[in-house]
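Engineer: For reference, the structure I am asking about is given below.
What follows is the structure in structure tokens.
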């Protein structure tokens, strides 16, 4: 069962699927009783699977309905950003990703037939963090690790070959109709998370909008398996001799698979372009005649930058590609989607447990629309730079590239993709604005920056100590104050007595902390509030606000 | 390049400026675009003011076309 139609067109040897998972007849089939789950998730891709795993960490049972019987059958998303790895580390698959993936921190940009790069960039200015700027790893690995993780969650279910075909959305819950090879059945849930991809059937069933731009260009992905000693960096070309007038990119993945990407122009014949001899010609022009390779996955794609006007519709919540689409330059698709998951799961869990008002979910809408808009803006600009739409924009583009050879300022104008960085949730209704003076970096709304710490004498990472619950970071020696219900306070200092020993002083540096400084950190590791002095009343008010309480979302 | 020319980044948000510049040309004919560029250059030249820097820019730009 191929998941995506382009797979295998270029060559029969291209992989059809990695492995299949068995269909298990759901107990609801043929039963008059309609079972109820707190959460049903439509779609078993990286976003749906991660949502289920994250909810399980909060004690919320869910069932994932996936229409196929396999994980992604092409490499698809390959670039996993540091923030995504940190989120996956919280979910328990980050270290597997890091071990299997190809680590890279640098990008090289080339222009024309000059073998020397026009310039290079480093995406990880702060080196002392658990995860690198990026790893490259085929999407199916990310999914397989999450499938395994989910299998270890006793109250969560993943149902292969269960397709959502009906959705009755109400103010109190959702009734979902699922189709299986052996018939249809119904499930009730408090919330339905629609993680069913860019063509989201749930979105269509609810007749919801999906607005934005279509970019008039085609790109050919040829993922090839070969032994090559190319560097494991992102190499991007403007106007290379092997694809004149257009752009190309090469990037290493695990298992000696390399992504080669060719801009093809708008007016291509799709059938022709995907013929084996034509794909061969493109790949050979790049690799030369001597390197043996075989195809892993071939796809010809166009792209769009779109989003829904709102991601929350009564009891149906959209996450990932179903809610927003970006061009692939910048790796902002799956990485943006996993930030959706990170933002949504704790909120949904608090609401389902009655510990936060349903209005808290409106902050998911606000915060992730902000994130989606940032991703759409950046990837649209990259695409506009790569694909000039008029003579004058082509002239500016080429002038920029030529100037970039000589001048550092012009390199800033060159846009070969602005790679995914986490959204700083400035202006979020959950933030408590600063009353005290701090540097900007860890301002309310910002995700925490990782740093080495020592816990009970052992070397650990800061981010592993945060997440899943509200944490107070109290920069002080001695005992943590216990008088803020709902917040686990951890002391941070350079001394041994603190919960977190700031062994290299980097935590205090990043957080601009002085003795007495207190940070309130959300379950998704974003800063909610900070003060120069610990005041339980202020922390309590900020906590209520971060949980969608009376000070927010009125 | 020595001299008066500023070659280090000076525009705070290069991506935003570049996007605005390209948008400015949207829907214009080639003649209109040329005129727009000419006006922008003259305004920027007046903003720069410094004769030596302007001379350097003109010479660099012309010479760079020969490469």
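Chains as they are written, first to last, in the working numbering: chain A, 647 to 1200; chain B, 1128 to 1194.
All C-beta atoms in this analysis are idealised placements derived from N, C-alpha and C, irrespective of residue type, glycine included.
1. When the Cα atoms are used, what is the spatial distance from residue 1075 (chain A) to residue 831 (chain A)?
2. For a test of the three-state rule: what should DSSP assign to residue 1039 (chain A), helix, strand or coil?
3. Under 8 Å, with one C-beta from each stretch per pair, do the stretch 854-866 of chain A and the stretch 982-1000 of chain A reach the 3-pair mark?
4. For residue 734 (chain A), name the three-state secondary structure that DSSP assigns.
5. Candidates A:948, A:720, A:744: which alpha carbon is nearest residue 665 (chain A)'s?
6. Go ahead and pull the three-state DSSP assignment for residue 1243 (chain B).
7. Can you tell which of A:952, A:961, A:975 has its C-alpha closest to the C-alpha of residue 967 (chain A)?
8. Can you tell me where the beta strand (DSSP E) with residue 1107 (chain A) in it begins and where it stops?
9. By Cβ distance below 8 Å, which residues in the same chain neighbour residue 783 (chain A) in space, the five residues on each side in sequence not counted?
10. Among the candidates A:825, A:929, A:961, A:1033, whose CA atom is the shortest distance from the CA of residue 892 (chain A)?
11. Contact defined as beta carbons within less than 8 Å: I believe residue 706 (chain A) pairs with residue 990 (chain A). What is the distance between those atoms, to the nearest angstrom?
12. Check distances from the C-beta atoms of the stretch 1129-1148 of chain B to those of chain A and list, in chain order, the residues that come in under 9 Å.
13. Would you mind telling me which residues of chain B sit closer than 8 Å to residue 1061 (chain A), beta carbon to beta carbon, in chain order?
14. Got a sec, what are the start and stop residues for the beta strand (DSSP E) residue 813 (chain A) sits in?
15. Under the rule that 16 or more other beta-carbon atoms within 10 Å means buried, what is residue 777 (chain A), buried or exposed?
16. So, is the C-beta of residue 1055 (chain A) closer than 8 Å to a C-beta in chain B?
17. Whole angstroms is fine: what's the gap from residue 977 (chain A)'s alpha carbon to residue 696 (chain A)'s?
18. Assuming contact is defined by CB atoms lying nearer than 8 Å, are residue 1068 (chain A) and residue 1173 (chain A) in contact in what I supplied?
19. Is it true that the CB of residue 1018 (chain A) sits closer than 8 Å to the CB of residue 692 (chain A)?
20. How would you write the range of the beta strand (DSSP E) that residue 950 (chain A) sits in, first residue to last?
21. With a threshold of 8 Å between beta-carbons, can residue 1067 (chain A) be considered close to chain B, or not?
22. Nearest-angstrom Cα distance between residue 1209 (chain A) and residue 866 (chain A)?
23. Along chain A, in chain order, which residues have C-beta atoms closer than 8 Å to that of residue 1157 (chain B)?
24. For the beta strand (DSSP E) containing residue 766 (chain A), list its first residue and its last residue.
25. Tell me the DSSP bridge mates of residue 1188 (chain A)?
26. Quick check on residue 694 (chain A): does DSSP put it in helix, strand or coil?
27. Do residue 702 (chain A) and residue 835 (chain A) have their C-beta atoms closer together than 8 Å?
28. Label residue 1133 (chain B) either buried or exposed according to how many other C-beta atoms from any shown protein chain fall within 10 Å of its C-beta, with 16 as the threshold for buried.
29. For the alpha helix (DSSP H) holding residue 790 (chain A), just list the boundary residues, first then last.
30. Check residue 1061 (chain A) in the structure and name its three-state DSSP category.
31. Which same chain residues end up closer than 6 Å to residue 1130 (chain B) when comparing Cβ atoms and leaving out the 5 residues on each side of it in sequence?
32. At a Cβ threshold of 8 Å, is residue 1072 (chain A) touching chain B?
33. Where residue 1157 (chain B) and residue 1065 (chain A) are concerned, what is the direct C-alpha to C-alpha distance, given to the nearest angstrom?
34. Go to residue 882 (chain A), then tell me how far its beta strand (DSSP E) extends in each direction, as first and last residue.
35. With a threshold of 6 Å on Cβ separation, who are the neighbours of residue 1152 (chain B) within its own chain once the five nearest residues in sequence on each side are excluded?
36. At a CB-CB cut-off below 7 Å, which residues of chain B make contact with residue 1027 (chain A)?
Structural biologist: On the basis of the data shown:
1. Each residue's Cα considered, the two are about 40 Å apart.
2. helix
3. no
4. The DSSP-derived three-state label of residue 734 (chain A) is helix.
5. It is A:720.
6. Lying outside 1128 to 1194, the shown extent of chain B, residue 1243 (chain B) is not represented and no answer is given.
7. A:952
8. For residue 1107 (chain A), the uninterrupted beta strand (DSSP E) segment begins and ends at 1104-1107.
9. Cβ neighbours of residue 783 (chain A) beyond the five flanking positions: 724, 726, 743, 746, 747, 748, 899, 900.
10. A:1033
11. Actually they do not touch by this definition, with Cβ atoms about 11 Å apart.
12. 1132, 1133, 1134, 1135, 1136, 1137, 1138, 1141, 1142, 1143, 1144, 1145, 1146, 1148
13. By Cβ distance, chain B contributes 1142, 1145.
14. It spans 809-815 - the beta strand (DSSP E) in which residue 813 (chain A) sits, taken as one unbroken run.
15. Answer is buried; the Cβ neighbour count reaches 16.
16. yes
17. 18 Å
18. No; because the gap between Cβ atoms is not below 8 Å, this pair is not in contact.
19. The Cβ-Cβ distance between residue 692 (chain A) and residue 1018 (chain A) does not fall below 8 Å.
20. Here the beta strand (DSSP E) through residue 950 (chain A) covers 940-953.
21. no
22. Any property of residue 1209 (chain A) remains undetermined from this structure, which presents chain A solely from 647 to 1200.
23. 1037, 1038
24. 765-768
25. Answer by DSSP bridge pairing: none, since residue 1188 (chain A) is not bridged.
26. DSSP places residue 694 (chain A) in the helix class (H, G or I) of the three-state scheme.
27. no
28. exposed
29. That run of the alpha helix (DSSP H) goes 785-797.
30. coil
31. Closer than 6 Å at the Cβ level, and outside the excluded window around residue 1130 (chain B), lie 1183.
32. no
33. 33 Å
34. 880-884
35. Only 1160 meet the Cβ criterion.
36. 1142, 1146
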